[in-house]
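Asks: To start, I am sharing the structure in question, which I have written as structure tokens.
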Amino acid sequence: MPRLSPDARHTVRVTVNGRALEGEAEPRMLLTDFLRHKLGLTGTHVGCEHGVCGACTIQIDGAPARACLTLAVQADGADIRTVEGLAPEPGRLSILQEAFRRHHALQCGFCTAGILMSLNWYLARTPDPSEVELREFLSGHICRCTGYVPIVAAALDAAQRLRETGEQR
1 MPRLSPDARH
11 TVRVTVNGRA
21 LEGEAEPRML
31 LTDFLRHKLG
41 LTGTHVGCEH
51 GVCGACTIQI
61 DGAPARACLT
71 LAVQADGADI
81 RTVEGLAPEP
91 GRLSILQEAF
101 RRHHALQCGF
111 CTAGILMSLN
121 WYLARTPDPS
131 EVELREFLSG
141 HICRCTGYVP
151 IVAAALDAAQ
161 RLRETGEQR
């Protein structure tokens with residue numbers, strides 16, 4: 001990466017949920033702030049700002065990443081997927097989102113976007129996870145409301161439905 005002037009704004013071009021977007025960012029601007037304030041995508045939440053809670057998890061070039069630990073300029077040219085891109089079409093929830101609704105796997109909803117993004121990635125690679133595997137995987141996320149029981153139930157339900165339908169994750 002070339003050296004950037006700390007006082008200058010830089011154009012950051014990204015593909016977000018299949019759409020080519022761009023915005024101006026200072027070199028120290030976090031990707032969470034860029035997504036929320038420059039691109040208007042407010043589904044990605046900022047929790048701890050230290051990469052611990054997982055609320056800001058998105059997918060960058062197909063892999064889960066903490067947007068609060070990534071500078072916007074580092075994402076220049078990247079393919080980003082946020083929670084806004086999980087639904088297959090407007091007005092329709094994904095299988096995973098529908099399972100969360102069905103199992104009441106969210107309460108305040110603050111952690112939900114990050115958990116959904118991580119589980120979306122995980123279930124695409126682990127189509128038949130056990131409860132133990134899911135709990136271990138979810139240990140990178142903090143949820144103060146649900147106690148994780150409905151989240152794990154929703155993930156197991158979604159995994160089964162994804163296997164049955166063969167639908168894309």
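Residues 1 to 169 (my numbering) make up the sequence shown, in order.
Idealized CB from N, CA, C, for every residue including glycine.
Please read these numbers as outputs of a predicted model, since none were measured by experiment.
Where does A87 sit, in a helix, a strand or coil, going by DSSP?
Replies: coil
Asks: For a quick check, are the C-beta atoms of A87 and A154 less than 8 Å apart?
Replies: No, Cβ-Cβ distance for A87 and A154 is not below 8 Å.
Asks: Taking all protein chains shown into account, decide if A158 is buried (16 or more other Cβ within 10 angstroms of its Cβ) or exposed.
Replies: buried
Asks: Measure the Cβ-Cβ separation of L41 and V12 and say whether it is below 8 Å.
Replies: no
Asks: Tell me the residue span of the alpha helix (DSSP H) that contains Q160.
Replies: Its alpha helix (DSSP H) spans residues 149 to 165.
Asks: Tell me which residues share the same chain as Y148 and place their Cβ nearer than 8 Å to its Cβ, disregarding the 5 neighbours each side in the sequence.
Replies: These residues qualify, in order along the chain: R135, L138.
Asks: Are the beta-carbon atoms of G18 and S118 separated by less than 8 Å?
Replies: Not in contact: G18 and S118 (Cβ atoms no closer than 8 Å).
Asks: Is it the case that the Cβ atoms of T82 and I115 are separated by a distance below 8 Å?
Replies: no
Asks: For P127, which of Q160, H10, L96 has the nearest alpha-carbon?
Replies: Q160
Asks: Let me know the secondary structure DSSP gives T11 once reduced to three states.
Replies: strand
Asks: Can you name, in chain order, every residue of its own chain whose Cβ lies under 7 Å from the Cβ of C56, other than the five neighbours on each side?
Replies: T32, T44, H45, V46, G47, R66, A67, C68, G114
Asks: Tell me where the alpha helix (DSSP H) around L96 begins and ends.
Replies: Residues 95 to 102.
Asks: Along the chain, where does the alpha helix (DSSP H) containing L123 start, and where does it finish?
Replies: 112 to 125
Asks: Between the alpha carbons of A8 and D61, how many angstroms are there, rounded?
Replies: 26 Å
Asks: Can you grab the Cα-Cα spacing for the pair G91 / S5, in whole Å?
Replies: G91 and S5 have their C-alpha atoms some 43 Å from each other.
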